[in-house]
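Numbered according to the working numbering, the sequence shown spans residues 2 to 143.
Where a beta carbon is used, it is the ideal one built from N, C-alpha and C, also for glycine.
Written out below as structure tokens is the structure these notes cover.
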Amino acid sequence: MKTLYTTTATALAGRNGQVKTDDGKLDLALSYPKEMGGSGEATNPEQLFAAGYSACFSNAILHVANMAKQPLKSAPVSAKVGIGANEAGGFALTVSLHVELDMPMEAAQQLVKTAHQVCPYSNAVRGNIDVEVTVNGEPLIA
Numbered sequence: 002m003k004t005l006y007t008t009t010a011t012a013l014a015g016r017n018g019q020v021k022t023d024d025g026k027l028d029l030a031l032s033y034p035k036e037m038g039g040s041g042e043a044t045n046p047e048q049l050f051a052a053g054y055s056a057c058f059s060n061a062i063l064h065v066a067n068m069a070k071q072p073l074k075s076a077p078v079s080a081k082v083g084i085g086a087n088e089a090g091g092f093a094l095t096v097s098l099h100v101e102l103d104m105p106m107e108a109a110q111q112l113v114k115t116a117h118q119v120c121p122y123s124n125a126v127r128g129n130i131d132v133e134v135t136v137n138g139e140p141l142i143a
């Protein structure tokens, strides 16, 4: 693989600390969410993952549409990320992607299906995290 871009982020004290990128463009306090016994006063890794995945998946849809010469200017994607204990005594994530496209359902489903193969986040988690995808409120047909 030819790397197109690289960035570095450093966390100082885990979930109750600070995370900052090497260029200083991201510099955030972190805290455990209230649901996990924390203050919930700052962001957390799951929120950051949801933000990154939703942005990346939206862009993958726009990229695939552009390659197919389909005029699409917006591809709203909401990513819902959950965390919980797994059977091995560790923790695991769940992800649900909700896509809304203003186009016929069959075309929307095909576009999202292709984007799910293109998106680097989808490729990174495939086989490790179950990702549920809905398009205009309907489950993505595999």
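Sort the options by Cα distance to residue i and report the nearest one.
{"i": "M106", "options": "R127, G138, P121, C120", "result": "G138"}
{"i": "I130", "options": "P34, K21, F92", "result": "F92"}
{"i": "A52", "options": "K35, T95, V82", "result": "V82"}
{"i": "V134", "options": "T8, A14, P77", "result": "P77"}
{"i": "A86", "options": "M37, T8, D103", "result": "M37"}
{"i": "N17", "options": "H64, D28, Q71, T44", "result": "T44"}
{"i": "M104", "options": "P121, S75, A125", "result": "S75"}
{"i": "L94", "options": "A80, A30, L13", "result": "A80"}
{"i": "E101", "options": "Q48, S123, V136", "result": "V136"}
{"i": "L27", "options": "Y33, A10, V65, K35", "result": "A10"}
{"i": "S97", "options": "N67, V20, V126", "result": "V126"}
{"i": "Q19", "options": "A69, A89, Y33, M2", "result": "Y33"}
{"i": "V68", "options": "A30, T8, G39, L112", "result": "Looking at the sequence provided, one finds Met at residue 68 rather than Val. Ranking the options by Cα distance to M68, first place goes to L112."}
Determine which residues share a DSSP beta bridge with residue i and list them.
{"i": "Q19", "result": "A30"}
{"i": "I62", "result": "None; I62 has no bridge partner."}
{"i": "I84", "result": "L94"}
{"i": "T44", "result": "L31"}
{"i": "H75", "result": "Note that residue 75 is Ser in the sequence shown here, rather than His. BP columns for S75 are empty, so no partner."}
Using the three-state DSSP reduction, which class does residue i fall into: helix, strand or coil?
{"i": "A14", "result": "coil"}
{"i": "M2", "result": "coil"}
{"i": "L49", "result": "helix"}
{"i": "A89", "result": "coil"}
{"i": "A69", "result": "coil"}
Continuous alpha helix (DSSP H) assignments of at least 4 residues falling wholly in the segment 92-139: 106-119, 121-126
At least three beta-carbon pairs within less than 8 angstroms, the segment 48-64 to the segment 105-123: yes
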